[in-house]
Amino acid sequence: MGCLFPKSSGLKAYWRLLSRGEDAITDIPETHWSTEDYFDADPKKPDHIYCKRGGFISPVSFDPTEFGIPPATLEATDTSQLLGLVIAKKALEDSGYGDGRTFNRDRTSVILGVTGTQELVIPLGARLGHPIWRRALENSGINPEKTEEVVQRISDSYVSWQENSFPGLLGNVVAGRICNRLDLGGTNCVVDAACASSMSAIHLAVMELISGRSDMVITGGVDALNDIFMHMCFTRTMVLSPTGDVRPFSKNADGTVLGEGIGIFVLKRLEDAEQDGDRIYAVIKGVGSSSDGKSQSIYSPRADGQVKALQMAYEEAGIDPATVELVEAHGTGTRVGDEV
Numbered sequence: 012m013g014c015l016f017p018k019s020s021g022l023k024a025y026w027r028l029l030s031r032g033e034d035a036i037t038d039i040p041e042t043h044w045s046t047e048d049y050f051d052a053d054p055k056k057p058d059h060i061y062c063k064r065g066g067f068i069s070p071v072s073f074d075p076t077e078f079g080i081p082p083a084t085l086e087a088t089d090t091s092q093l094l095g096l097v098i099a100k101k102a103l104e105d106s107g108y109g110d111g112r113t114f115n116r117d118r119t120s121v122i123l124g125v126t127g128t129q130e131l132v133i134p135l136g137a138r139l140g141h142p143i144w145r146r147a148l149e150n151s152g153i154n155p156e157k158t159e160e161v162v163q164r165i166s167d168s169y170v171s172w173q174e175n176s177f178p179g180l181l182g183n184v185v186a187g188r189i190c191n192r193l194d195l196g197g198t199n200c201v202v203d204a205a206c207a208s209s210m211s212a213i214h215l216a217v218m219e220l221i222s223g224r225s226d227m228v229i230t231g232g233v234d235a236l237n238d239i240f241m242h243m244c245f246t247r248t249m250v251l252s253p254t255g256d257v258r259p260f261s262k263n264a265d266g267t268v269l270g271e272g273i274g275i276f277v278l279k280r281l282e283d284a285e286q287d288g289d290r291i292y293a294v295i296k297g298v299g300s301s302s303d304g305k306s307q308s309i310y311s312p313r314a315d316g317q318v319k320a321l322q323m324a325y326e327e328a329g330i331d332p333a334t335v336e337l338v339e340a341h342g343t344g345t346r347v348g349d350e351v
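Structure (structure tokens):
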């Protein structure tokens with residue numbers, strides 16, 4: 012396994028945080044954006060957010076030479092691609108498949124949960140707004156010379172377009188870059204199923220192993236998009252907590268907060284892992300997957316669909332639900348979601 016989460020730079024730190032019950036939700040750090048620019052307690056104020064807390068990854072040093080990446084391309088490469096690569100390598104090392112151990116790389120796949128929109132898309136897209144800025148300045152009576160000066164200054168505040176910008180902003184390249192830099196020849200793809208993306212990726216990874224198409228799958232989720240754009244999306248849907256404290260399954264819950272992080276697993280068929288003497292943390296005995304079908308709105312969950320997925324997982328695993336002692340749930344802290 013490998014991970015990078017708020018207040019957790021690795022597995023030991025993450026386990027320590029969990030076992031102590033520490034809260035990793037903080038105020039928005041300066042490394043992400045300034046609350047002075049965007050925060051307003053009025054949830055209806057246009058182009059502002061009303062929640063200024065979340066889960067944020069601390070800055071991570073990245074050595075491009077370790078992965079054979081030209082330093083000049085870093086500016087044009089999304090953070091999720093770089094951090095996904097780092098954590099995937101750590102997961103392989105933790106599973107005993109570091110640089111010193113040979114394995115069939117052609118039958119090793121990478122299937123990850125990744126959002127369709129990456130952080131780098133926002134500044135690159137914003138840079139293309141120069142015709143709008145120019146017209147606004149010209150219509151305000153600014154002379155042409157000063158107009159061009161201002162337009163250039165605004166453009167320079169965004170990352171510039173270059174040859175590597177296109178692959179650098181694509182979500183699917185999170186998995187593709189891992190395969191490319193770690194020399195893995197199996198399936199590589201990403202899946203976006205919103206909050207279920209990581210679980211959907213693991214489901215696909217399990218099917219890849221069961222079908223015999225792969226002998227090993229690197230899977231999990233990569234999300235480094237806890238930026239102002241994502242906060243604005245959730246602000247407009249009115250699901251963020253105005254207090255900034257998420258309270259899953261509580262009558263005092265007033266909304267969710269956003270976090271970012273990376274969690275990656277290395278999966279193999281159990282018999283293969285035992286035969287190869289691998290470190291085994293856990294066994295996935297059953298996976299269930301379903302959709303709600305038609306409901307009142309795209310945001311409205313239905314209990315029937317979720318029950319179906321649970322039943323499928325229990326049946327596949329051959330486990331009586333009454334014997335379960337620990338449940339880890341997706342508790343959003345929203346009344347509609349938690350009630351379901």
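Mapping of the sequence shown onto this note's numbering: residues 12 to 351, in sequence order.
The C-beta atom is built at its ideal place from N, Cα and C for all residues, glycine as well.
- In its chain, beyond the 5 residues on either side, Gly13 have a beta carbon closer than 7 angstroms to the beta carbon of Lys101.
- Within its own chain, the residues whose Cβ lies closer than 6 angstroms to the Cβ of Ile39, once the five positions on either side in sequence are excluded, are Thr46 and Lys63, listed in chain order.
- For Ala137, the CB contacts under 7 angstroms within the same chain, skipping 5 residues up- and downstream, are Tyr169 in chain order.
- Residue range Met227 to Asp234 is occupied by the beta strand (DSSP E) that includes Thr230.
- In the DSSP annotation of this structure, the continuous segment of the alpha helix (DSSP H) that includes Val217 starts and ends at Ser208 to Ile221.
- For the segment 47-134, the continuous alpha helix (DSSP H) assignments of 4+ residues that do not extend past its boundaries occur at 90-105, in sequence order.
- Look at Ser176 here: in three-state DSSP terms it is helix.
- Measuring C-alpha to C-alpha distances from Thr126 to each of Ala320, Val184 and Asn154 identifies Val184 as the nearest.
- Per DSSP, reduced to three states, the secondary structure at Val201 is strand.
- Between Val233 and Leu93 a beta carbon distance of about 10 angstroms is seen, past the 8 angstroms cut, so the two are scored as non-contacting.
- Taking a contact as a CB-CB distance under 8 angstroms, the pair Gly316 and Ser302 counts as one, their CB atoms being some 6 angstroms apart.
- The Cβ atoms of Leu180 and Asp89 sit closer than 8 angstroms to each other.
- When only Cα atoms are considered, Lys157 and Ala147 end up about 13 angstroms apart.
- Residue Ile273 holds the alpha-carbon nearest to the alpha-carbon of Gly66 among Arg280, Ile273 and Lys319.
- The residues Asn199, in chain order, have a CB closer than 6 angstroms to that of Gly187 in the same chain once the five nearest residues on each side in sequence are set aside.
- Under the three-pair Cβ rule at 8 angstroms, the segment 249-268 does not count as touching the segment 100-115.
- The Cβ atoms of Asp110 and Leu22 lie no closer than 8 angstroms to each other.
- Closest in alpha carbon position to His59, among Leu251, Asp265, Trp26 and Cys190, is Leu251.
- If you compare the alpha carbons of Asp289, Gln129, Asp74 and Arg118 with that of Met241, the shortest gap goes to Gln129.
- Following the DSSP letters along the chain, one finds Phe240 in no beta strand (DSSP E) but inside the alpha helix (DSSP H) bounded by residues Ile239 to Arg247.
- Judged by their CB atoms, Val71 and Leu139 are not nearer to each other than the 8 angstroms cut-off.
- Within the same chain, Pro75 come within 6 angstroms of Pro82 by CB-CB distance, once the 5 residues on both sides are set aside.
- Here Leu29 carries a helix assignment [DSSP, helix/strand/coil].
- When DSSP states are grouped into helix, strand and coil, Val277 belongs to the strand group.
- Sixteen is the threshold: since fewer than 16 other Cβ atoms of the shown chains lie within 10 Å of the Cβ of Ala333, the residue is exposed.
- In the displayed model, Leu195 falls within coil according to three-state DSSP, outside both helix and strand.
- Taking a C-beta distance under 8 angstroms as the contact criterion, Pro17 and Ile98 do not qualify as a contact pair.
- Note on geometry: alpha-carbon atoms of Thr343 and Glu160 lie some 46 angstroms from one another.
- Setting aside the 5 residues that flank it on each side, Ser311 has no residue in the same chain whose C-beta is closer than 6 angstroms to its C-beta.
- Residue state for Ser166 is assigned as helix, using DSSP reduced to three classes.
- Note that the C-beta distance between His43 and Cys206 is not below 8 angstroms.
- In its chain, beyond the 5 residues on either side, Phe78, Gly79, Ile80 and Leu96 have a beta carbon closer than 8 angstroms to the beta carbon of Arg192.
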